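One structure is given here, and the rest of the page talks about it.
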Amino acid sequence: MSEKNNKKLKILLVEDDESHSELIRRSFESSPVTAEISVTTNLAETCGKLNDFTPDLAIVDYLLQDGKGTEILKDENLNITWPVLIMTSYGDEKIAVEAIRLGAIDYVVKTGETLSSMPEICLRVLRQWGLIMKEKRAEEKYKAIFESSKDAILMVDLNQNILEWNNGAEALYGYKREEVVGKFIPIVPKDKMKELRIVHEKLLNGEHMQNFETRRKAKNGTFKDVVITLSPIKDEKNNIIAVSSIARDITTEKKLKRQMQQTEKLTGIGQLAAGIAHQLNTPLASIRLSAQMLEDAVDNNESLHDVKKIVRQTEYCSKIINKLLEFSRPPGAEKRWIRLRLLINDVEKLLEKVLSNKDITIKKEFTLKNDKILANKNQIEQVVFNLISNAVDAMPNGGVVVIAVEVSDDNKICVKISDTGPGIDDEHLHKIFDPFFTTKKIGQGTGLGLSICYGLVEENEGTIDVESAPGKGATFTIKFPLTNDKSG
Ligand SMILES: Nc1ncnc2c1ncn2[C@@H]1O[C@H](COP(=O)(O)OP(=O)(O)OP(=O)(O)O)[C@@H](O)[C@H]1O
Ligand SMILES: [Mg+2]
Numbered sequence: 003m004s005e006k007n008n009k010k011l012k013i014l015l016v017e018d019d020e021s022h023s024e025l026i027r028r029s030f031e032s033s034p035v036t037a038e039i040s041v042t043t044n045l046a047e048t049c050g051k052l053n054d055f056t057p058d059l060a061i062v063d064y065l066l067q068d069g070k071g072t073e074i075l076k077d078e079n080l081n082i083t084w085p086v087l088i089m090t091s092y093g094d095e096k097i098a099v100e101a102i103r104l105g106a107i108d109y110v111v112k113t114g115e116t117l118s119s120m121p122e123i124c125l126r127v128l129r130q131w132g133l134i135m136k137e138k139r140a141e142e143k144y145k146a147i148f149e150s151s152k153d154a155i156l157m158v159d160l161n162q163n164i165l166e167w168n169n170g171a172e173a174l175y176g177y178k179r180e181e182v183v184g185k186f187i188p189i190v191p192k193d194k195m196k197e198l199r200i201v202h203e204k205l206l207n208g209e210h211m212q213n214f215e216t217r218r219k220a221k222n223g224t225f226k227d228v229v230i231t232l233s234p235i236k237d238e239k240n241n242i243i244a245v246s247s248i249a250r251d252i253t254t255e256k257k258l259k260r261q262m263q264q265t266e267k268l269t270g271i272g273q274l275a276a277g278i279a280h281q282l283n284t285p286l287a288s289i290r291l292s293a294q295m296l297e298d299a300v301d302n303n304e305s306l307h308d309v310k311k312i313v314r315q316t317e318y319c320s321k322i323i324n325k326l327l328e329f330s331r332p333p334g335a336e337k338r339w340i341r342l343r344l345l346i347n348d349v350e351k352l353l354e355k356v357l358s359n360k361d362i363t364i365k366k367e368f369t370l371k372n373d374k375i376l377a378n379k380n381q382i383e384q385v386v387f388n389l390i391s392n393a394v395d396a397m398p399n400g401g402v403v404v405i406a407v408e409v410s411d412d413n414k415i416c417v418k419i420s421d422t423g424p425g426i427d428d429e430h431l432h433k434i435f436d437p438f439f440t441t442k443k444i445g446q447g448t449g450l451g452l453s454i455c456y457g458l459v460e461e462n463e464g465t466i467d468v469e470s471a472p473g474k475g476a477t478f479t480i481k482f483p484l485t486n487d488k489s490g
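Each residue of the sequence shown is one higher than the one before, counting from 3 in the working numbering.
Spelled out as structure tokens, the structure:
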């Protein structure tokens with residue numbers, strides 16, 4: 003034997019046949035592998051022995067007087083952290099399978115040859131054990147990274163069923179691991195299913211995808227903007243068996259970017275709108291005046307009908323022009339301390355008639371004591387008015403509008419206006435703050451309401467945002483900086 007091993011191996015030998023123990027002992031004496039062999043002859047004795055002896059390896063006879071040697075593998079109290087080699091006097095496949103299943107590292111049939119080459123067998127077993135432990139440690143390390151990652155890491159099989167789901171995925175998407183493992187991936191919004199199929203196909207062709215931006219839907223129905231890295235996972239034969247996905251939440255980043263783009267867009271459109279509105283205002287006023295004069299002059303009904311139509315339409319055009327002028331109003335309106343609950347009560351009074359006609363109830367949740375903001379009263383009134391009007395328009399058969407004033411998670415004073423209407427389609431959600439975007443019939447909406455709100459809120463150092471899902475109503479949230487004003 004060429005192998006030198008200076009470290010004394012600590013071997014636990016569980017063997018009731020003294021002659022076999024002797025053979026094993028002798029095999030070590032004539033080998034360069036030095037060993038301290040501690041012998042026990044039955045299961046009961048073995049359990050006691052382990053209190054003060056931790057072996058590097060145990061060699062255990064299968065047939066003992068008080069039971070099978072494999073019993074020690076079942077004993078959880080023993081906390082076995084070393085390899086166990088099972089020996090029997092005769093070859094039996096079943097015993098071998100049972101021993102390995104219970105956690106034995108290997109199985110040898112006792113022959114003169116195996117007993118005398120026990121030092122080599124022990125070294126082989128220890129090498130094998132070392133490799134298993136190394137693999138286990140690596141697996142534990144990856145598992146720790148997988149579990150503790152803030153990124154949402156998940157793995158799906160070829161049918162898009164979830165195989166793995168880490169804590170980051172639980173935090174981002176709101177589903178617990180046990181809710182999703184084995185099930186079809188639940189976080190892909192309807193409008194992204196086609197994209198998912200295309201991406202999946204690419205991955206199955208072996209492609210990797212990095213920094214792929216898309217949207218996912220969390221358990222509570224909210225949408226998350228994510229950037230994902232996707233990779234195919236292969237088995238030893240190089241067949242793709244699964245796909246891994248690491249996603250980072252970029253919802254806030256995207257929102258800020260969208261807000262900046264929106265502001266830029268509105269500024270540009272605002273300047274253009276102001277120009278057009280001023281140009282149109284004078285001729286329109288003159289058309290209207292002339293038409294009104296004609297109203298008194300015409301003497302037949304048919305012409306009167308036409309003239310009245312001209313007046314009505316010019317009035318509608320004036321309304322649009324006034325809104326355009328509002329939309330492009332010069333900044334710098336005077337700001338004062340205003341109390342949100344008083345302002346909301348005033349707006350509610352203005353809308354009292356409309357609300358009762360349409361069977362709409364307003365529920366107010368004013369939990370905040372200091373609800374003061376530094377803002378222009380008329381402008382914020384207009385914002386609240388527009389938002390409630392939109393909610394009213396969305397509920398022609400009645401419903402509830404909840405207006406809450408509270409402090410948000412990010413420490414801002416916020417006004418939340420929610421309704422029980424049909425909500426806003428996902429495809430419209432990104433467009434509603436755009437000027438002239440409306441789903442209302444011609445003559446019923448200009449599509450300027452929300453873009454005006456956007457500009458007004460921004461001018462008062464606030465932000466406005468919307469959350470909605472079809473069938474679940476819409477919630478508009480306006481946020482303003484928290485104040486320290488103690489006066490009044
Ligand atoms: N609470 C709401 N529920 C459902 N959809 C809404 C709600 N608020 C706004 N919307 C959608 O957003 C669109 C744009 O709203 P916006 O206030 O800008 O214009 P509008 O209401 O259509 O017209 P205007 O404000 O001039 O009367 C609406 O047409 C509607 O489709
Ligand atoms: Mg509106």
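For glycine and all other residues, C-beta sits at the position ideal for the given N, C-alpha and C.
Since the structure is predicted, the reported quantities are computational estimates derived from the model, not experimental observations.
In three-state terms, what does DSSP make of residue i?
| i | result |
| --- | --- |
| Ile364 | strand |
| Lys6 | In this prediction, Lys6 has a pLDDT of 46, which is less than 50 and means its spatial position is unreliable; nothing more can be read from the coordinates. |
| Phe329 | helix |
| Tyr144 | helix |
| Leu15 | strand |
| Leu268 | helix |
| Gly490 | Only weak support is given to the placement of Gly490: the predicted model assigns it a pLDDT of 48, under 50, and the value that follows is read from those uncertain coordinates. Three-state DSSP puts Gly490 in coil, outside helix and strand. |
| Val228 | strand |
| Val394 | helix |
| Pro57 | coil |
| Pro285 | helix |
| Ser32 | coil |
| Tyr92 | coil |
| Pro234 | strand |
| Gly170 | helix |
| Leu370 | coil |
| Gly451 | helix |
| Ser305 | helix |
| Glu460 | helix |
| Ile278 | helix |
| Thr42 | strand |
| Ile312 | helix |
| Trp84 | coil |
When the distance is taken between beta carbons, is residue j closer than 8 Å to residue i?
| i | j | result |
| --- | --- | --- |
| Leu15 | Ile61 | yes |
| Leu66 | Leu45 | yes |
| Val309 | Leu326 | no |
| Val417 | Ile362 | no |
| Met157 | Ile230 | no |
| Ile426 | Phe478 | no |
| Pro57 | Lys96 | no |
| Val349 | Val394 | no |
| Thr72 | Glu47 | no |
| Gly475 | Asp412 | no |
| Phe482 | Gly464 | yes |
| Leu1 | Ile323 | As shown, the chain starts at 3 and ends at 490. That puts residue 1 outside it, with no answer to give. |
| Glu328 | Ile466 | no |
| Tyr175 | Ala154 | yes |
| Val313 | Leu306 | no |
| Arg77 | Cys49 | The residue asked about is misnamed: residue 77 is Asp in this sequence, not Arg. A contact, by the Cβ cut-off of 8 Å. |
| Ser29 | Ser118 | yes |
| Val35 | Leu125 | yes |
| Ile164 | Gly184 | yes |
What's the call for residue i, buried or exposed, on a 16-neighbour Cβ count within 10 Å?
| i | result |
| --- | --- |
| Glu137 | exposed |
| Met3 | Residue placement at Met3 cannot be trusted, given a pLDDT of 42 that sits under 50; the coordinates are not used to answer. |
| Ile243 | exposed |
| Pro472 | exposed |
| Arg218 | buried |
| Asn168 | buried |
| Ile123 | buried |
| Ser470 | buried |
| Asn53 | exposed |
| Gln263 | exposed |
| Ala146 | exposed |
Kindly give me the distance between the Cβ atoms of residue i and residue j, rounded to whole angstroms, as I take these residues to be in contact under 8 Å.
| i | j | result |
| --- | --- | --- |
| Ile340 | Lys379 | 5 Å |
| Ile415 | Leu376 | Between Leu376 and Ile415 the Cβ distance is about 11 Å, and since that is not below 8 Å, they are no contact. |
| Ile405 | Lys366 | 5 Å |
| Leu452 | Phe435 | 5 Å |
| Ser330 | Ala276 | 4 Å |
For ligand 3, is there a heavy atom less than 7 Å away from the beta-carbon of residue i?
| i | result |
| --- | --- |
| Phe329 | With respect to ligand 3, the structure shown offers nothing to examine, as its ligands consist of ligand 1 and ligand 2. |
Residue i CB to nearest chain D CB: under 8 Å?
| i | result |
| --- | --- |
| Phe55 | The question asks about chain D, but that chain is absent: this structure has only one protein chain. |
_Under 5 Å, CB to any heavy atom of ligand 2. Which residues pass, going along the chain?_
Asn392 and Gly451
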